[in-house]
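Chemist:
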Amino acid sequence: MDWQSDNKPNEVTVQDTFAPVLEAWYERHKRNLPWRHTRDPYAIWLSEVILQQTRVAQGLPYYERFLNTYPHVRAMAEADERDILRLWQGLGYYSRARNMHQTARQITTERAGKFPDTYQSLLQLKGIGAYTAAAIASFAFGERVAVVDGNVYRVLARVFGISEDITTTQARKTFATLAQQLIQAANDPATYNQAIMEFGAIQCTPVAPDCLLCPVHAHCVAFQTGRQHLLPVKSKKAAVRERFFTYIVLTRLHPDQGLQLAMRERTDRDVWQNLYDFYLIETDEPKESLRELSLPENLSFILPISVAQGHPVKLVQLLSHQRIRGWFYQLIVPYEASERLPDGFSWFTPAAAEQLPKPVLITNYLQNQLG
DNA sequence: AACTCGGGGGT
DNA sequence: ACCCCAGAGTT
């Protein structure tokens, strides 16, 4: 007997008991997380943006640093985007930080710092999609709107035996509709939303779910049919793209400030937008030396008069969708010629470079070279 | 609907 | 290796 079986009129169905059971489970098992002790929509919004596609353990220190640095939305609005990105450094998906900053400014200037307080109005803001709007609306304002995140897909797919491919638009509708039905029976919408996500994170885990101690296993289609490991169904992703980055690390010796590095902001519509790196030549094949490269015009002046420093440093950065192999050549530019840098580049001391937002690959290189 | 956007942790 | 993570924006 599963929870999809026929509902007779005037009979308590499992759809009525699912939410209260999870709420009860939550009160016994919930973790103590800082954003669960506030109803400040700003703090909740911040936590939700940080936690998009990010594990709690990874996001937690960022949440604390952001809230300390920018205690309210106006403080974030008044910050420089560069400092926001620097604080975000290492979290990935940097458009989250840019959109968050834009939304902070909009709320500060157009709404006098007051957050929208409904699901629909929250949805209008940059960086707030269906999940985040539901999370803020329920946690901060008590609206009865169901969150649907990766945990919810997994829990509902298993308990209700739904084998639709969760990457399809049709399946998203199926799960959203079911989730919205289930939250109707919740004692408290905010608690229920927290509960189902916590349940997915702790009990109904992707691998080796703890079914024997699960409070709903008697009604779980997946458990009753031994299909826990087969649900949810998710089509495979595209292969990882291989990229080859040759970095020309131009350096000079400033008479007063010592060593400096030439860096620039990445502005292309590509990975690491608005982060800083070095002069980059990308090739579609690995290049074993500088001689194999056809060097661009804007290096033709500076390169021949510069002095290469030994062997290149080789580092690999693995992203979810790309594998970037970086070869770093350090060159020392004669100080007399060092003002003629390619467009967009400026000189930074190591201390100044430290303050710039950078990809992890670049941070690792600087760490290796400068200690 | 398909693609793109990071980085880290678990198995 | 592969999978997943309190997803969203763009094409």
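For the first sequence, the UniProt record's numbering begins at 1 and goes up steadily by one. C-beta: ideal position from N, C-alpha, C; glycine also.
Considering Cα atoms alone, identify which of Ile202, Ile128, Ser235 and Asp284 is closest to Trp25.
Modeler: Looking up residue 25 in the first sequence gives position 25. Nearest of Ile202, Ile128, Ser235 and Asp284 to Trp25, Cα basis: Ile202.
Chemist: Sort Pro71, Gly113, Ile107 and Lys126 by Cα distance to residue 457 and report the nearest one.
Modeler: Absent from the model: residue 457. The displayed extent of the chain is 1 to 371, so no value can be given.
Chemist: DSSP state of Gly142, grouped into three classes?
Modeler: Along the first sequence, read from residue 1 onward, the residue named residue 142 stands at position 142. Three-state result, Gly142: coil.
Chemist: Does Lys236 come out as helix, strand or coil in the three-state DSSP assignment?
Modeler: As a first step, residue 236 must be located in the first sequence, where it is residue number 236. It is coil, neither helix nor strand.
Chemist: With Ala238 and Leu231 assumed to form a contact (beta carbons below 8 Å), what rounded beta-carbon distance in angstroms separates them?
Modeler: Within the first sequence, numbered from 1, the residue matching residue 238 stands at position 238. Within the first sequence, numbered from 1, the residue matching residue 231 stands at position 231. Not quite, the Cβ-Cβ distance comes to about 23 Å (not below 8 Å), so this is no contact.
Chemist: If we count Cβ pairs, one from each stretch, closer than 8 Å, do we get three or more for the region 208-219 versus the region 184-197?
Modeler: no
Chemist: Could you compute how far the alpha carbon of Phe244 sits from the alpha carbon of Val271?
Modeler: Translated into positions along the first sequence, residue 244 becomes position 244. Translated into positions along the first sequence, residue 271 becomes position 271. Cα to Cα, Phe244 sits roughly 13 Å from Val271.
Chemist: Anyone know if the C-beta pair for Tyr42 and Ile50 falls short of 8 Å?
Modeler: Taking the first residue of the first sequence as position 1, residue 42 is located at position 42. Taking the first residue of the first sequence as position 1, residue 50 is located at position 50. Against a cut-off of 8 Å, the Cβ pair of Ile50 and Tyr42 comes out as no contact.
Chemist: Please give me, in chain order, every unbroken run of the alpha helix (DSSP H) with length at least 4 that falls completely inside the region 143-183.
Modeler: 150-159 and 169-182
Chemist: Using only CA atoms, which one of Arg28, Gly161, Thr283 and Glu242 lies nearest to Gly226?
Modeler: Indexing the first sequence from 1 puts residue 226 at position 226. Ranking Arg28, Gly161, Thr283 and Glu242 by Cα distance to Gly226 puts Gly161 first.
Chemist: What is the residue span of the beta strand (DSSP E) that Ile305 lies within?
Modeler: Taking the first sequence and counting its residues from 1, the one referred to as residue 305 is at position 305. For Ile305, there is no enclosing beta strand (DSSP E), as DSSP gives it neither H nor E.
Chemist: Express the C-alpha separation of Leu275 and Arg266 in angstroms, rounding to a whole number.
Modeler: Indexing the first sequence from 1 puts residue 266 at position 266. Indexing the first sequence from 1 puts residue 275 at position 275. Put simply, the backbone Cα of Arg266 is about 6 Å away from that of Leu275.
Chemist: I want to know whether the region 286-306 touches the region 324-341 - three or more CB-CB distances under 8 Å.
Modeler: yes
Chemist: Over the uninterrupted alpha helix (DSSP H) stretch that includes Ser47, give me the two end residues.
Modeler: Stepping through the first sequence from its first residue, residue 47 is reached at position 47. If you look at Ser47, you'll find it in the alpha helix (DSSP H) that goes Pro41 to Ile50.
Chemist: With distances taken from CA atoms, which of Gln355, His229 and Thr54 is nearest Leu85?
Modeler: Counting from one through the first sequence, the residue named residue 85 turns up at place 85. Among Gln355, His229 and Thr54, the Cα nearest to that of Leu85 is on Gln355.
Chemist: Give the DSSP-derived three-state secondary structure of Asp80 in the structure shown.
Modeler: Working through the first sequence from its first residue, we reach residue 80 at position 80. Looking at Asp80 - three-state DSSP - the assignment turns out to be coil, as it is neither helix nor strand.
Chemist: Rank Val152, Asn151, Gly150 and Ala135 by C-alpha distance to the C-alpha of Arg144 and give the top, closest one.
Modeler: By one-based count along the first sequence, residue 144 stands at place 144. Of the listed residues, the one whose Cα sits closest to Arg144 is Ala135.
Chemist: Rounded to a whole number of angstroms, what is the C-alpha to C-alpha distance between Arg335 and Leu366?
Modeler: Your numbering for residue 335 matches position 335 in the first sequence. Your numbering for residue 366 matches position 366 in the first sequence. At residue 335 the sequence reads Tyr, which differs from the Arg that was named. Going from the Cα of Tyr335 to the Cα of Leu366 covers about 21 Å.
Chemist: For a quick check, are the C-beta atoms of Leu22 and Ala195 less than 8 Å apart?
Modeler: Here residue 22 corresponds to residue number 22 of the first sequence, with the count starting at 1. Here residue 195 corresponds to residue number 195 of the first sequence, with the count starting at 1. Yes; because the gap between Cβ atoms is below 8 Å, this pair is in contact.
Chemist: From the DSSP output, in three-state form, read off Asp277 for me.
Modeler: Along the first sequence, read from residue 1 onward, the residue named residue 277 stands at position 277. DSSP, reduced to helix, strand and coil, places Asp277 within a strand of the structure shown.
Chemist: Only counting the same chain, and skipping five residues up and downstream in sequence, which positions put a Cβ closer than 8 Å to that of Ala353?
Modeler: Taking the first residue of the first sequence as position 1, residue 353 is located at position 353. Around Ala353: Leu261, Met263, Tyr276 and Leu366.
Chemist: Which whole-angstrom value describes the C-beta separation of Val155 and His219, a residue pair presumed to lie in contact below a C-beta threshold of 8 Å?
Modeler: Here residue 155 refers to the residue found at position 155 of the first sequence. Here residue 219 refers to the residue found at position 219 of the first sequence. Contact flag wrong, Cβ pair sits at about 12 Å.
Chemist: Name the two residues that bound the continuous alpha helix (DSSP H) containing Ile202.
Modeler: Sequence index remark: in the first sequence, residue 202 carries index 202 (1-based). For Ile202, the enclosing alpha helix (DSSP H) has its first and last residue at Pro189 to Ile202.
Chemist: Might you give, ordered along the chain, the residues of its own chain that have their beta carbon closer than 6 Å to the beta carbon of Asn364, omitting 5 neighbours on each side?
Modeler: The sequence position of residue 364 within the first sequence is 364, counting from 1. Leu315, listed in sequence order.
Chemist: Determine, using beta carbons only, whether Phe348 and Tyr279 come nearer to each other than 8 Å.
Modeler: Reading the first sequence from its first residue, position 348 is the one you call residue 348. Reading the first sequence from its first residue, position 279 is the one you call residue 279. No, Cβ-Cβ distance for Phe348 and Tyr279 is not below 8 Å.
Chemist: Would you identify the three-state DSSP class for Ile332, choosing helix, strand or coil?
Modeler: Stepping through the first sequence from its first residue, residue 332 is reached at position 332. Note: Ile332 maps to strand in three-state DSSP.
Chemist: Evaluate residue 373 with the Cβ neighbour count: other Cβ atoms within 10 Å of its Cβ, from every protein chain shown; 16 or more gives buried, anything less gives exposed.
Modeler: Absent from the model: residue 373. The displayed extent of the chain is 1 to 371, so no value can be given.
Chemist: Candidates Pro71, Ala351, Arg252 and Val240: which alpha carbon is nearest Leu318's?
Modeler: As a working mapping, residue 318 is identified with position 318 in the first sequence. Taking only the C-alpha atoms, the option nearest Leu318 is Val240.
Chemist: What is the rounded straight-line gap between the Cα of Glu339 and the Cα of Gln58?
Modeler: Looking up residue 339 in the first sequence gives position 339. Looking up residue 58 in the first sequence gives position 58. Between Glu339 and Gln58, the C-alpha separation is close to 41 Å.
Chemist: Under the DSSP definition of a beta bridge, which residues are partnered with Ile324?
Modeler: Your numbering for residue 324 matches position 324 in the first sequence. As computed with DSSP, Ile324 is found in a beta bridge with Arg243 and Gln317.
Chemist: I'd like the list of long-range same chain contacts for Thr17, defined as Cβ closer than 8 Å, with 5 residues on each side in sequence excluded.
Modeler: Indexing the first sequence from 1 puts residue 17 at position 17. Once the five neighbours on either side are set aside, the close Cβ partners of Thr17 are Ala185.
Chemist: Could you give the DSSP three-state label for Gly344: helix, strand or coil?
Modeler: Residue mapping note: residue 344 aligns to position 344 of the first sequence, counting from 1. Collapsing the DSSP output to three states places Gly344 in coil.
Chemist: Less than 8 Å between the CB atoms is what I'm expecting for Ala133 and Tyr153, so what's the real figure, rounded?
Modeler: Counting from one through the first sequence, the residue named residue 133 turns up at place 133. Counting from one through the first sequence, the residue named residue 153 turns up at place 153. Actually they are not in contact, since the Cβ atoms of Ala133 and Tyr153 sit about 17 Å apart, beyond 8 Å.
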